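Visitor: Numbering (the working numbering), first residue to last: 4 to 447.
Glycine included, C-beta positions come from ideal geometry on N, C-alpha and C.
Being a predicted model, the structure only gives us computed values, none of them experimental.
Pasting in a structure now, in structure tokens, and then I'll have a few things to ask.
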Amino acid sequence: MATEGGTMTSPQPHGTSAPGVPLPETSHQGRDTAKHHNHQARSVAEHAAAVAQLLQPLRSPNRTEVLPLRQALGRSLVSDVTAPISLPPFANSQMDGYAVRSADLPDGGGELRVMPPVPAGASPDGLLPGTAAPIMTGAMLPEGADAVVPIERAVPDRFLPPADQATGQATVVLPSVAPGTYVRETGSDVRAGETALAAGTFLGPAQLGLLAALGMPEVTVYRAVSVLLVTTGDEVVEPGRDLPAGKIYDSNGTLLEAAMRQAGLNVRRTGIVTDHPEKLRGLLRAEGGAVDLIVTTGGVSKGAYEVVRQAMEDHPVEFLHVAMQPGGPQGIGTFEGRPFLGFPGNPVSCLVSFEMFLRPVLAGLFGSPAPRLPLRARLGHPLTSPGQKHQVRRGTLLPDGTVELQGGESSHLMHALAGSNVLVHVPVGVAGLAAGAEVEVWML
């Protein structure tokens with residue numbers, strides 16, 4: 004695995020739009036591109052656009068499926084969902100109380116005769132003038148009733164025993180009430196024929212609950228994106244094995260797999276691939292055809308043992324620098340028809356690359372995973388940043404809106420990352436910020 008050095012020049016400010024960067028199509032173009040390092044740093048926005056262009060074919064009608072609601076959590080809708088019924092489907096009570104005709108209770112209220120109760124799930128008879136019906140929360144409003152008086156405002160302030168109600172002679176004193184009080188009108192949530200959920204909506208618990216309330220047992224969603232995740236490097240050892248001198252444990256594989264699974268991706272791991280280009284090519288040929296996307300970690304910079312770059316020499320893959328710290332070295336292209344992304348080898352760089360490029364691009368294409376929540380926070384301490392790069396620092400957002408930076412700028416600081424709950428963004432053109440300065444943070 005390699006360091007993240009390299010000269011960064013003429014970056015585009017973060018957040019500005021940029022066209023997608025065309026990727027080479029033919030093998031001879033790929034051979035030239037894979038050997039070439041782009042010394043002109045690409046902006047964060049430009050690289051995100053290039054990743055979006057690369058993955059756009061995954062948004063295909065052939066990559067959809069119909070799932071029961073219980074299996075659709077974390078997916079996104081292929082098309083708009085039109086409400087087949089209104090919600091609520093009938094006018095119902097918002098409170099336990101008495102269903103009344105508001106005209107029967109002029110200023111100052113009045114005494115009304117008590118009718119049989121209306122429990123939830125019942126289809127009641129119409130309400131006669133001069134009467135009140137005990138009604139439970141969610142129960143259908145009787146025809147003729149246009150308001151509900153809460154039981155707490157009735158005299159007596161408790162429901163009468165069933166035996167007293169059955170006589171038809173019991174009465175209750177109620178205050179005056181305006182029409183519509185404590186009534187959930189038909190369609191007050193959504194009306195039949197309206198768009199209940201738009202195409203691309205991320206299906207969380209609330210969205211699935213809405214579909215169930217509409218009586219829909221299943222939904223058409225995009226298939227989960229499948230990823231082949233490959234960790235590279237002679238120096239990397241699987242956790243649980245002996246750690247020889249000069250070796251490190253593989254944290255990238257676990258870190259990225261967890262991030263991808265959390266984002267709803269189906270991840271296939273291959274174990275660690277040593278710094279042998281032919282071995283890596285053979286593995287990608289054997290495994291890559293069964294997935295939608297190939298992601299590697301390490302071997303994309305300018306060191307002497309850049310296995311990923313060497314393995315891609317005859318493939319349309321570009322190796323370049325993005326004006327971002329950490330995570331500057333990036334690889335992007337295709338390997339035998341499969342979209343390919345090469346992330347740098349340091350652990351924090353891996354995660355930042357995923358969070359800056361793959362996760363938001365998938366969210367933009369499919370609505371899933373849900374985008375990270377951006378917030379504004381105040382710096383607890385001053386910071387410095389390379390003005391020509393978009394810097395991503397790790398931090399802890401406190402309840403008072405202050406963000407405390409965790410660790411320094413180095414991309415190997417796993418302990419600091421583990422103690423963080425936000426990514427702190429310092430845009431291009433900013434070389435330093437004072438304590439108390441406002442910054443954008445993304446919740447992790």
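By Cβ distance, which residues of its chain are closer than 6 Å to residue 378, with the 5 residues on each side in sequence left out?
Guide: On the sequence shown, position 375 is the one that residue 378 refers to. Correct list, in chain order: 444.
Visitor: May I ask whether a heavy atom of the ligand FAD can be found less than 8 Å away from the beta carbon of residue 407?
Guide: Here there are no bound small molecules, and the ligand FAD is not part of this structure.
Visitor: Specify, as a first and last residue, the run of the alpha helix (DSSP H) that residue 229 falls within.
Guide: Stepping through the sequence shown from its first residue, residue 229 is reached at position 226. Careful: residue 229 lies outside any alpha helix (DSSP H), inside the beta strand (DSSP E) at 229–235.
Visitor: Any idea if residue 277 is buried or exposed, counting beta-carbon neighbours within 10 angstroms, 16 or more meaning buried?
Guide: For the purposes of this step, residue 277 is identified with residue 274 of the sequence shown, where counting begins at 1. Residue 277 comes out exposed.
Visitor: Along the beta strand (DSSP E) that carries residue 337, what are the first and last residues, could you check?
Guide: Taking the sequence shown and counting its residues from 1, one reaches residue 337 at position 334. Run containing residue 337: 332–338, per the beta strand (DSSP E) assignment.
Visitor: For residue 79, does the count of other Cβ atoms within 10 angstroms reach 16, so buried, or fall short, so exposed?
Guide: Translated into positions along the sequence shown, residue 79 becomes position 76. Label assigned to residue 79: buried.
Visitor: Assign residue 300 to buried or exposed, taking buried as 16 or more other Cβ atoms, counted over all protein chains shown, within 10 Å of its Cβ.
Guide: Counting from 1 along the sequence shown, the entry for residue 300 is found at position 297. Burial call: buried.
Visitor: Got a sec? Which residues, its chain only, sit under 6 Å from residue 396 by beta carbon, not counting five neighbours each side?
Guide: Against the sequence shown, residue 396 aligns to sequence position 393. Cβ within range, chain order: 408, 427.
Visitor: What's the C-alpha gap between residue 3 and residue 154?
Guide: Only positions 4 to 447 of the chain appear in the structure, and residue 3 is not among them; the question remains open.
Visitor: Between the Cα of residue 398 and the Cα atoms of 388, 389, 380, which residue gives the shortest distance?
Guide: Taking the sequence shown and counting its residues from 1, one reaches residue 398 at position 395. Nearest C-alpha to residue 398: 380.
Visitor: Do three or more CB pairs link the region 71–85 to the region 207–214 at distances below 8 Å?
Guide: yes
Visitor: Just confirm the distance between the C-beta atoms of residue 67 and residue 226, as a whole number of angstroms; I'd bet it's less than 8 Å.
Guide: For this step, residue 67 is matched to residue 64 along the sequence shown. For this step, residue 226 is matched to residue 223 along the sequence shown. 7 Å between Cβ atoms; contact.
Visitor: At 3 residues or longer, what runs of the beta strand (DSSP E) sit wholly inside the region 373–404?
Guide: 377–382, 393–400
Visitor: Go to residue 170, then tell me how far its beta strand (DSSP E) extends in each direction, as first and last residue.
Guide: Here residue 170 corresponds to residue number 167 of the sequence shown, with the count starting at 1. From DSSP, residue 170 is part of no beta strand (DSSP E); its letter is neither H nor E.
Visitor: Put residue 426 into one of helix, strand or coil per three-state DSSP.
Guide: Within the sequence shown, numbered from 1, the residue matching residue 426 stands at position 423. For residue 426, the three-state secondary structure derived from DSSP is strand.
Visitor: Which residues in the same chain as residue 373 place their Cβ atom closer than 8 Å to its Cβ, once the five residues preceding and following it in sequence are excluded?
Guide: Counting from one through the sequence shown, the residue named residue 373 turns up at place 370. Excluding sequence neighbours, residue 373 sits near 205, 207, 366.
Visitor: Between the alpha carbons of residue 425 and residue 343, how many angstroms are there, rounded?
Guide: One-based indexing of the sequence shown puts residue 425 at position 422. One-based indexing of the sequence shown puts residue 343 at position 340. C-alpha separation (whole angstroms): 27 Å.
Visitor: Just curious, the beta strand (DSSP E) that residue 283 is in, first and last residue?
Guide: Along the sequence shown, one-based indexing puts residue 283 at 280. Careful: residue 283 lies outside any beta strand (DSSP E), inside the alpha helix (DSSP H) at 280–291.
Visitor: Is the region 304–324 touching the region 241–255 in the sense that three or more CB pairs, one from each, lie closer than 8 Å?
Guide: With a cut-off of 8 Å, the region 304–324 and the region 241–255 do not count as touching, because too few Cβ pairs lie within range.
Visitor: Determine the closest residue to residue 357 out of 106, 266, 49, 62, with distance taken between C-alpha atoms.
Guide: Counting from one through the sequence shown, the residue named residue 357 turns up at place 354. It is 266.
Visitor: Kindly indicate which residue of 132, 180, 218 has the alpha-carbon position closest to the one of residue 92.
Guide: The residue you call residue 92 lines up with position 89 of the sequence shown. That would be 218, whose Cα lies nearest to the Cα of residue 92.
Visitor: Looking at residue 168: is its Cβ nearer than 9 Å to the Cβ of residue 118?
Guide: Position 165 of the sequence shown, counting from 1, holds the residue named residue 168. Position 115 of the sequence shown, counting from 1, holds the residue named residue 118. For residue 168 and residue 118, yes; Cβs fall inside 9 Å.
Visitor: With residue 269 and residue 350 assumed to form a contact (beta carbons below 8 Å), what rounded beta-carbon distance in angstroms separates them?
Guide: Start at 1 with the first residue of the sequence shown, and residue 269 comes out as number 266. Start at 1 with the first residue of the sequence shown, and residue 350 comes out as number 347. So it is not a contact: roughly 22 Å between Cβ atoms.
Visitor: Could you spell out where the alpha helix (DSSP H) holding residue 314 opens and where it closes?
Guide: Along the sequence shown, one-based indexing puts residue 314 at 311. Taken as a continuous stretch (DSSP letters only), the alpha helix (DSSP H) holding residue 314 covers 310–314.
Visitor: Between the Cα of residue 434 and the Cα atoms of 402, 392, 49, 410, which residue gives the shortest distance?
Guide: By 1-based counting over the sequence shown, the position of residue 434 is 431. Out of 402, 392, 49, 410, 392 has the C-alpha closest to the C-alpha of residue 434.
Visitor: In the DSSP assignment, the alpha helix (DSSP H) including residue 72 goes from what residue to what residue?
Guide: On the sequence shown, position 69 is the one that residue 72 refers to. Residue 72: not part of any alpha helix (DSSP H); DSSP gives it neither H nor E.
Visitor: In angstroms, rounded to a whole number, what distance separates the CA positions of residue 322 and residue 334?
Guide: As a working note, residue 322 is residue 319 in the sequence shown. As a working note, residue 334 is residue 331 in the sequence shown. Their Cα atoms are separated by approximately 4 Å.
Visitor: Shortest alpha-carbon distance to residue 233 belongs to which of 402, 283, 437, 125?
Guide: Mapped onto the sequence shown, residue 233 falls at position 230. Of 402, 283, 437, 125, the residue nearest in Cα terms is 283.
Visitor: How many angstroms separate the CA atom of residue 164 from the CA atom of residue 129?
Guide: Sequence index remark: in the sequence shown, residue 164 carries index 161 (1-based). Sequence index remark: in the sequence shown, residue 129 carries index 126 (1-based). Taking the straight line from one Cα to the other gives about 22 Å.
Visitor: Suppose the cutoff is 7 Å on Cβ atoms and the five residues either side in sequence are ignored; what does the same chain contact list for residue 439 look like?
Guide: Sequence index remark: in the sequence shown, residue 439 carries index 436 (1-based). Hits under 7 Å: 381, 382.
Visitor: Give a yes or no on contact between the region 129–140 and the region 97–115, applying the rule of three or more CB pairs nearer than 8 Å.
Guide: yes
Visitor: Please tell me whether residue 325 and residue 345 are closer than 9 Å, where the distance is taken between their beta carbons.
Guide: Here residue 325 refers to the residue found at position 322 of the sequence shown. Here residue 345 refers to the residue found at position 342 of the sequence shown. Contact: no.
Visitor: If distances are taken between C-alpha atoms only, which option among 253, 229, 224, 228 comes closest to residue 238?
Guide: In the sequence shown, the residue the question calls residue 238 occupies position 235. Of all alpha-carbon atoms in 253, 229, 224, 228, the one lying nearest the alpha-carbon of residue 238 is that of 253.
Visitor: Please identify the residue among 295, 294, 337 whose C-alpha is closest to the C-alpha of residue 315.
Guide: Indexing the sequence shown from 1 puts residue 315 at position 312. The residue with the shortest Cα to Cα distance from residue 315 is 337.
Visitor: What does DSSP give as the partner residue(s) for residue 433 in the beta ladder?
Guide: Along the sequence shown, one-based indexing puts residue 433 at 430. Answer is none; residue 433 lacks a bridge partner.
Visitor: Can you check whether the CB of residue 221 is closer than 9 Å to the CB of residue 175?
Guide: The count along the sequence shown starts at 1 and reaches residue 175 at position 172. The count along the sequence shown starts at 1 and reaches residue 221 at position 218. Contact flag unset, no.
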